[in-house]
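S.K.: Please see the structure below; I have some questions.
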Amino acid sequence: MAEAMGTQMTSPDYHYGMGERVVLLGQKWIPRDEKCISSARRFVRDIALDWYTTEEVPDIAELLASEIVTNALVHGAVDFPTPSTLRIAVGRDGPVMTVDVYDSCITVPELRRADSLETSGRGLAIVETLSLKWGWNLHRHGKSVWFQLAAWP
Ligand SMILES: Nc1ncnc2c1ncn2[C@@H]1O[C@H](COP(=O)(O)OP(=O)(O)OP(=O)(O)O)[C@@H](O)[C@H]1O
Ligand SMILES: [Mg+2]
Numbered sequence: 015m016a017e018a019m020g021t022q023m024t025s026p027d028y029h030y031g032m033g034e035r036v037v038l039l040g041q042k043w044i045p046r047d048e049k050c051i052s053s054a055r056r057f058v059r060d061i062a063l064d065w066y067t068t069e070e071v072p073d074i075a076e077l078l079a080s081e082i083v084t085n086a087l088v089h090g091a092v093d094f095p096t097p098s099t100l101r102i103a104v105g106r107d108g109p110v111m112t113v114d115v116y117d118s119c120i121t122v123p124e125l126r127r128a129d130s131l132e133t134s135g136r137g138l139a140i141v142e143t144l145s146l147k148w149g150w151n152l153h154r155h156g157k158s159v160w161f162q163l164a165a166w167p
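Per the working numbering: the sequence shown ends with 167, consecutive numbering throughout.
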């Protein structure tokens, strides 16, 4: 269903989620601290509810945001000082909601195909299955990993 895309900020051919046509619905910074994953989750869910997204979207957005934020904490910028921050932004472009999580590490995510005995490696597969599209953008000092959902009629 979903299609992964990695793009540079300067790429003219794909207008990723947080571009000019997008209305920013909310933005939040959290410390790189696992205790803050739940507040990031709630933030995304609340925006989906406040903006009357279709029925299943608050749950799905919360779940996928949880995977991406956890990845940013676990895999992104692990060598950076603890006070560094993650940014979560939620935007709307017509019927599409984009959730975008920025971390200050330029290693890009890699979709894995975990076999039945592996206990990890499924987060992005879940994102791929439940999103319209997902991908990443490299920035000068880090990257954003984002996903999109069809959230409004
Ligand atoms: N924000 C990120 N920064 C750097 N690498 C990432 C990031 N997100 C994901 N990755 C890489 O992509 C891989 C796949 O991520 P995925 O979420 O599918 O699995 P996982 O995090 O290893 O396990 P699980 O999510 O099942 O606990 C990770 O193992 C990691 O190598
Ligand atoms: Mg993961």
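Positions of the beta carbon are idealized from the N, C-alpha and C atoms, including for glycine.
#1: For residue 76, is the beta carbon positioned less than 6 Å from some heavy atom of ligand 1?
#2: With H, G and I counted as helix, E and B as strand and the rest as coil, what does DSSP make of residue 100?
#3: Which two residues bound the contiguous beta strand (DSSP E) that contains residue 113?
#4: Pick out every residue whose C-beta is nearer than 5 Å to a heavy atom of ligand 1: which are they, in chain order?
#5: Once you ignore the five residues that flank residue 184 on each side, which residues in its own chain have a CB closer than 7 Å to its CB?
#6: What's the gap between the Cα of residue 61 and the Cα of residue 143?
#7: Compute the Euclidean distance between the alpha carbons of residue 63 and residue 50, then round it to the nearest angstrom.
#8: What first and last residue would you give for the alpha helix (DSSP H) that runs through residue 54?
#9: So is residue 47 buried or exposed if we call it buried at 16+ other beta carbons inside 10 Å?
#10: For residue 74 and residue 154, I'd like the C-alpha separation in whole angstroms.
M.R.: Reading from the atomic positions:
#1: no
#2: strand
#3: 110-117
#4: The set, ordered by position in the chain, is 85, 86, 89, 90, 121, 123, 124, 126, 134, 135, 136, 137, 138.
#5: The structure shown does not extend to residue 184, since the chain is modelled only from 15 through 167, so no value can be given for it.
#6: Answer to the nearest angstrom: the Cα atoms are 22 Å apart.
#7: 20 Å
#8: 51-64
#9: exposed
#10: 30 Å
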